[in-house]
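K.L.:
Taken in sequence, the protein lines are chains P and W.
Here the first sequence stands for residues 1 to 419, where the numbers follow this note's numbering.
Here the second sequence stands for residues 1 to 252, where the numbers follow this note's numbering.
Beta carbons: idealized from backbone N, C-alpha and C, even for Gly.
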Amino acid sequence: MTDMTATYAALEPTRAEKFRQRTVPLILFAVVLLVIPLFNPSRSMVTLLNHMGITIVFALSYNMLLGRAGLLSFGHAVYMGLGGYFAVHVMNWVAEGSGFWGAVPIFSMPAFGFGAGALAGAIIGWPSCRRSGTPFAMISLGVAELVAAAGFMFDSLFGGEMGISADRMGGPEFAGLSLGPVDEVYWFIAFWTFIGVLGTYAFTRTPLGKLSEATRDNPERVEFVGYNPQRVRYLVFIFAGAFAGMAGGMSAVQDEIFTPESLSLIPSGAILIATYVGGIRYFTGPIMGAIVMTYMGSNLSDYTVGWLLYLGLMFVGVVMFLPNGIAGIVYGTADTLRAGRLGEVWQSWLLRLAGLALIATSVITIVEVAFRWSEGYGEVFEPFGLHLGTDNPLTWALGVLPLVLGVVMVMKAAKGESK
Amino acid sequence: MTASLELTDLHKSFGPAKIIQGVNLSVARGERHAIIGPNGAGKSTLFNLISGRFMPSSGEVRLNGALISGKKPFEINRMGLSRSFQVSNIFTNMTVRENVRCGVLHSMGYGYSFWRNIGNLREVSEKTAHILNEVGLLEKGNTPAALLPYADQRTLEIAITIAGGAEVILLDEPTAGMSHSETDRAVALIEKASKGKTLLIVEHDMGVVFNLADRISVLVYGEIIATGTPEQIRGDARVREAYLGEEAEDAA
Numbered sequence: 001m002t003d004m005t006a007t008y009a010a011l012e013p014t015r016a017e018k019f020r021q022r023t024v025p026l027i028l029f030a031v032v033l034l035v036i037p038l039f040n041p042s043r044s045m046v047t048l049l050n051h052m053g054i055t056i057v058f059a060l061s062y063n064m065l066l067g068r069a070g071l072l073s074f075g076h077a078v079y080m081g082l083g084g085y086f087a088v089h090v091m092n093w094v095a096e097g098s099g100f101w102g103a104v105p106i107f108s109m110p111a112f113g114f115g116a117g118a119l120a121g122a123i124i125g126w127p128s129c130r131r132s133g134t135p136f137a138m139i140s141l142g143v144a145e146l147v148a149a150a151g152f153m154f155d156s157l158f159g160g161e162m163g164i165s166a167d168r169m170g171g172p173e174f175a176g177l178s179l180g181p182v183d184e185v186y187w188f189i190a191f192w193t194f195i196g197v198l199g200t201y202a203f204t205r206t207p208l209g210k211l212s213e214a215t216r217d218n219p220e221r222v223e224f225v226g227y228n229p230q231r232v233r234y235l236v237f238i239f240a241g242a243f244a245g246m247a248g249g250m251s252a253v254q255d256e257i258f259t260p261e262s263l264s265l266i267p268s269g270a271i272l273i274a275t276y277v278g279g280i281r282y283f284t285g286p287i288m289g290a291i292v293m294t295y296m297g298s299n300l301s302d303y304t305v306g307w308l309l310y311l312g313l314m315f316v317g318v319v320m321f322l323p324n325g326i327a328g329i330v331y332g333t334a335d336t337l338r339a340g341r342l343g344e345v346w347q348s349w350l351l352r353l354a355g356l357a358l359i360a361t362s363v364i365t366i367v368e369v370a371f372r373w374s375e376g377y378g379e380v381f382e383p384f385g386l387h388l389g390t391d392n393p394l395t396w397a398l399g400v401l402p403l404v405l406g407v408v409m410v411m412k413a414a415k416g417e418s419k
Numbered sequence: 001m002t003a004s005l006e007l008t009d010l011h012k013s014f015g016p017a018k019i020i021q022g023v024n025l026s027v028a029r030g031e032r033h034a035i036i037g038p039n040g041a042g043k044s045t046l047f048n049l050i051s052g053r054f055m056p057s058s059g060e061v062r063l064n065g066a067l068i069s070g071k072k073p074f075e076i077n078r079m080g081l082s083r084s085f086q087v088s089n090i091f092t093n094m095t096v097r098e099n100v101r102c103g104v105l106h107s108m109g110y111g112y113s114f115w116r117n118i119g120n121l122r123e124v125s126e127k128t129a130h131i132l133n134e135v136g137l138l139e140k141g142n143t144p145a146a147l148l149p150y151a152d153q154r155t156l157e158i159a160i161t162i163a164g165g166a167e168v169i170l171l172d173e174p175t176a177g178m179s180h181s182e183t184d185r186a187v188a189l190i191e192k193a194s195k196g197k198t199l200l201i202v203e204h205d206m207g208v209v210f211n212l213a214d215r216i217s218v219l220v221y222g223e224i225i226a227t228g229t230p231e232q233i234r235g236d237a238r239v240r241e242a243y244l245g246e247e248a249e250d251a252a
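Here you go:
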């Protein structure tokens, strides 16, 4: 018996391993959050960071459904939106400052968003979690349309197209933060981002969190070990709604406005893409996806009007060739380096990178030339002093040759690796 | 004393197809009971009716005297009946240890708990270790279930089934597709795991059936044509005619 217990103990991660794998990343994350302001980021940079924090919590909540429970939702923005709207209303009650609401600090808004998101999840999830798979996805789509439509109809609740705005400087201060300047909002966002990461991670370690993975893998077997898979899905759905609502509360304070647009399919699709691109099989995947997609969404649009197209292409590429997303690349690379196998693979990696760069060259050429041509203002794509008009043979050469060469190189690299 | 498992005049039709036609069966507590019969006789359907996967068209199923037909599988499981599947039905993306732990959780009273750290539940860890050790998968505890060799997946299937400590265990062809030596190991495991419990088993391997079972029922076209000890079944003329033929003589 003692022998067996010893073997089993060997199966479980040791205290040191647990510390290294679970506690250390959290501490590192907290340190990063604390250190960022020391670099004196610009105001626009801080705003970007704040939006990253919000998207991180939102994406993690979405992955509770998609990655962990295997539930594909097309309407997750509903819960962030409803949580956010509730927070905006609470902020206005706080600003009026009478009775109970006068004593509520704006700092606590994400907690109100959490509650509202949980409530919305509990109500909407009741019918929709009876099904999984395609019916669940379709119901989520219908609900998203319904709620977004309601958002545009009920002006007193949602403020019509203009939305409802609020002021984050009302109410009593918390921890000496007036929340006026954006770098004070940073601390607020950093705190709640950490709570969101901690909370969603802790959830994966609970019996319910493990059961949600079991229900994803095999709902039928879950029934035969004594659990109702509908109940498991429903409870997970409520938590996912709650953390989405928390992100909504964070967003309410950061942007001081919510519009019915936030309930629509567009942000729901965006969080699906961010989560998937980040990697749904890893807990940290959605975090990476949220950071990358928020950054690209905010910066790529400065360079080109075709940025949404590039995001779309990237999403399709990830779905087809990188099912484990950015996190898959990061952890795969780390594993290779740790195993000391860089020597075996560096050639094929280099080949693949060069191939991808060539493919990108062609794609960018085609897209940039095409939309300038279609706009009809006679504007011409001129990278590096080149004049790439539709009448320039070089344009066509750049659009085709690197693409062909790149595809061949990538395929060769893939073949080399599979050997 | 009430029977552990009692089927009374059980019927099941899918549209015009009558799959189970009036099955009566009583399995005593602690008995190892095997169900045999040709392909398409309705053995798996019978298991699905007992375990709640299908609703009977008519008739009833009682577990320790309590009516369970019409209940959901998870309700029946909580009342102390557990089953395995003919095709391995495991949690493929989880490790072996996590698979067994899922089977243990509910019986330990951790319903849908979301306020506890699963790693800190000592009784759950110990029970999981005990089950893993019993089935001989302790060394492979951290292997992802999908990567297990076939025979080990079948073993894991049994491990999940017994993990919840159910008193009545239904095994659907536990040795299907196994080699001789693997079958021997599986039989030893089933004997050990079903000690003191009621076992209902569907099996094609007659060697296994006649070794393991206290009593055997023969299901043909949705009806039980004979029930008795292995000797009685072996000597039963109708059984020979309907099904066993030379197989029984080989096994004897």
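(1) Under 7 Å between C-beta atoms, does Pro174(W) make it to chain P?
(2) Over what stretch of residues does the alpha helix (DSSP H) that includes Ala48(P) continue unbroken?
(3) Tell me whether Asp172(W) is buried or exposed, calling it buried when 16 or more other Cβ atoms sit within 10 Å of its Cβ.
(4) Kindly indicate if chain W contains any beta-carbon less than 7 Å away from that of Ala69(P).
(5) Does any C-beta atom of chain W lie closer than 7 Å to the C-beta of Pro260(P)?
(6) Taking Cβ-Cβ distances shorter than 7 Å, what residues in chain P pair up with Leu105(W)?
(7) Using a Cβ cut-off of 8 Å, pull out every chain P residue sitting near Tyr112(W), in sequence order please.
(8) So which residues on chain P does Arg122(W) lean against when the C-beta distance must stay under 8 Å?
(9) Within its chain, find whatever has a CB closer than 6 Å to the CB of Ser268(P); leave out the 5 residues flanking it on each side and keep chain order.
(10) Chain P partners of Phe47(W), CB-CB under 9 Å?
(11) Scan the region 134-146 of chain W for residues whose Cβ lies nearer than 7 Å to a Cβ of chain P and list them as they occur along the chain.
(12) Whole alpha helix (DSSP H) runs in the region 94-123 of chain W with 4 or more residues, listed along the chain?
(13) Please state if the CB of Ser362(P) and the CB of Gly416(P) are separated by a distance shorter than 7 Å.
(14) Report the residue from Leu386(P), Ala327(P), Trp192(P) whose alpha carbon sits nearest the alpha carbon of Pro286(P).
(15) So which residues of chain P does Ser69(W) contact, with C-beta pairs closer than 9 Å?
(16) Can you give me the C-alpha to C-alpha distance between Gly177(W) and Ala151(W), rounded to a whole angstrom?
(17) Can you confirm whether Asn39(W), when its beta carbon is compared against all beta carbons of chain P, has any partner nearer than 7 Å?
(18) Would a check of beta-carbon distances place Leu422(P) closer than 7 Å to chain W?
(19) Suppose only complete runs of 4+ residues qualify. What are the alpha helix (DSSP H) ranges in the region 143-220 of chain W, listed by chain order?
(20) Using a Cβ-Cβ cut-off of 7 Å, state whether Pro56(W) counts as contacting chain P.
(21) Name the DSSP beta bridge partners of Gln21(W), please?
(22) Where in the region 44-79 of chain W do unbroken runs of the beta strand (DSSP E), each at least 3 residues long, occur, reported from the N-terminal end onward?
(23) Output, in chain order, the set of chain P residues within a Cβ distance shorter than 8 Å of Thr92(W).
(24) Just checking my contact of Leu358(P) with Gly406(P) at CB under 8 Å: how many whole Å lie between their CB atoms?
(25) Given this structure, state the Cα-to-Cα distance separating Ile27(P) from Phe194(P), to the nearest angstrom.
(26) Could you give the DSSP three-state label for Ala240(P): helix, strand or coil?
(27) Would you verify that the beta carbon of Arg83(W) is, or is not, closer than 7 Å to some beta carbon of chain P?
(28) When DSSP labels each residue in this structure, what does Phe174(P) get in the three-state scheme?
(29) Residues of chain P with CB closer than 7 Å to the CB of Asn89(W), please, in chain order.
(30) So that I know if they touch, is there some Cβ in chain W lying closer than 7 Å to that of Ala214(P)?
(31) Using the rule of at least 16 other Cβ atoms within 10 Å of the residue's Cβ for burial, across every protein chain shown, is Pro260(P) buried or exposed?
(32) Going residue by residue through the region 193-280 of chain P, where are the continuous alpha helix (DSSP H) segments of at least 4 residues, counting only ones entirely within it?
(33) Relative to the C-alpha of Asn120(W), which residue among Arg83(W), Asn64(W), Arg101(W), Val187(W) is closest?
(34) Would Ser194(W) and Ile169(W) be called neighbours here (beta carbons separated by less than 7 Å)?
(35) Evaluate Glu379(P) with the Cβ neighbour count: other Cβ atoms within 10 Å of its Cβ, from every protein chain shown; 16 or more gives buried, anything less gives exposed.
(36) Is the beta carbon of Gly84(P) less than 7 Å from the beta carbon of Gly306(P)?
P.N.:
Taking the geometry as given:
(1) Residue contact check for Pro174(W) against chain P: no CB pair falls below 7 Å.
(2) Correcting the residue identity first, residue 48(P) is Leu in this sequence and not Ala. Residues 43-63.
(3) buried
(4) Cβ-Cβ to chain W under 7 Å: no for Ala69(P).
(5) For Pro260(P), the answer is no, since every Cβ of chain W falls outside 7 Å of its Cβ.
(6) The answer, in chain order, is Pro207.
(7) Pro207, Leu208, Leu211, Tyr227, Arg231, Val232, Leu235
(8) In chain order: nothing, as chain P lies at least about 10 Å away.
(9) Phe74, Gly75, His76, Ala77, Ala144
(10) At a beta-carbon threshold of 9 Å, none of the residues of chain P lie near Phe47(W); the nearest stands roughly 11 Å away.
(11) Leu138, Gly141, Asn142
(12) 96-105
(13) no
(14) Ala327(P)
(15) The premise fails here: Ser69(W) is roughly 16 Å from chain P at the closest Cβ pair, so nothing lies under 9 Å.
(16) 8 Å
(17) no
(18) Because chain P in this structure spans residues 1 to 419, residue 422(P) falls outside the shown range and cannot be described.
(19) 150-163, 180-193, 206-212
(20) no
(21) His11(W)
(22) Entirely contained in the region 44-79 of chain W, the beta strand (DSSP E) runs reaching 3 residues are, in chain order, 58-63.
(23) Those are Asp217, Asn218, listed as they occur along chain P.
(24) Between Gly406(P) and Leu358(P) the Cβ distance is about 3 Å, and since that is below 8 Å, they are a contact.
(25) About 10 Å.
(26) helix
(27) yes
(28) Phe174(P) falls in the strand class under three-state DSSP.
(29) Listed along the chain, the chain P residues whose CB falls inside 7 Å of the CB of Asn89(W) are Asn218, Glu220, Arg221.
(30) yes
(31) buried
(32) 207-217, 219-223, 229-255, 265-278
(33) Arg101(W)
(34) yes
(35) exposed
(36) no
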